[in-house]
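Okay, structure first, notes after.
Numbering (mature numbering (1 follows the signal peptide of the UniProt record, and there is no 0)), first residue to last: -20 to -1, 1 to 127.
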C-alpha cells in the first residue's frame, strides 16, 4: 500500500513538472490613415471577442500623439487568435468619442476590415481577423462631423 501511494505521489509530482504548452505570441502593427489634423491623440483598442466590442473593456489599448495624417501603433506579445480593432481620433484629448446633439460622432473613428455598422458600430464578426503570425492591419479614419 505504501509503495502504491509513493508511486502515485511520484507520478503526480512528475506530471506537475511538465511545462504547459506555451501560447504562441505575435506582433500586430496597426497603421491609421486619414487623420484630418494633428490635434489630440489616436486611441487604438484591440478586442479579442471576450470583451465588449467596441467598448471600454478591450484586450489591449494604446494611444499616440497624432503626426502628419498617419500613425503606427504596435501591439507586441499578442497571443494568436481572433481580434478586431477599434480606432478613435480623440481631437480634444478627453479620452472619449464626442457626439453632436443628433448622435453623430464629432471625432474620427474606424475599424479593422473597414467594417461599418448600420446606425452604430459594426459587430465584432464584421471587424474580426485571425492572427497566426505577425500581422499588419490598416484602418482608415472616417469623419461624419466635426468641431
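All residues carry an ideal CB built from backbone N, CA and C; glycine is no exception.
In terms of residues, what are the limits of the beta strand (DSSP E) holding residue i?
| i | result |
| --- | --- |
| residue 91 | 88 to 91 |
| residue 11 | 5 to 13 |
| residue 26 | 21 to 27 |
| residue 42 | 40 to 45 |
| residue 118 | 115 to 120 |
Smallest Cα separation from residue i: which of the options?
| i | options | result |
| --- | --- | --- |
| residue 56 | 7, 82, 119, 94 | 7 |
| residue 13 | 52, 93, 111 | 52 |
| residue 28 | 21, 40, 19 | 40 |
| residue 67 | 99, 5, 111, 38 | 38 |
| residue 49 | 11, 83, 115, 65 | 11 |
| residue 110 | 76, 78, 92 | 92 |
| residue 77 | 35, 9, 26, 5 | 35 |
Tell me the DSSP secondary structure of residue i in three-state form.
| i | result |
| --- | --- |
| residue 66 | strand |
| residue 57 | strand |
| residue 52 | strand |
Starting from residue i, trace the alpha helix (DSSP H) in both directions and tell me its first and last residue.
| i | result |
| --- | --- |
| residue 107 | 104 to 107 |
Go through its chain and collect everything with a Cβ distance to residue i's Cβ below 8 Å, but skip five positions before and after it.
| i | result |
| --- | --- |
| residue 3 | 59, 60 |
| residue 30 | 39 |
Apart from the five residues just before and just after residue i, which ones in its own chain have a Cβ nearer than 6 Å to its Cβ?
| i | result |
| --- | --- |
| residue 80 | 86, 125 |
| residue 19 | 71 |
Measuring CB to CB, does residue i end up less than 7 Å from residue j?
| i | j | result |
| --- | --- | --- |
| residue 63 | residue 88 | no |
| residue 119 | residue 69 | no |
| residue 117 | residue 44 | no |
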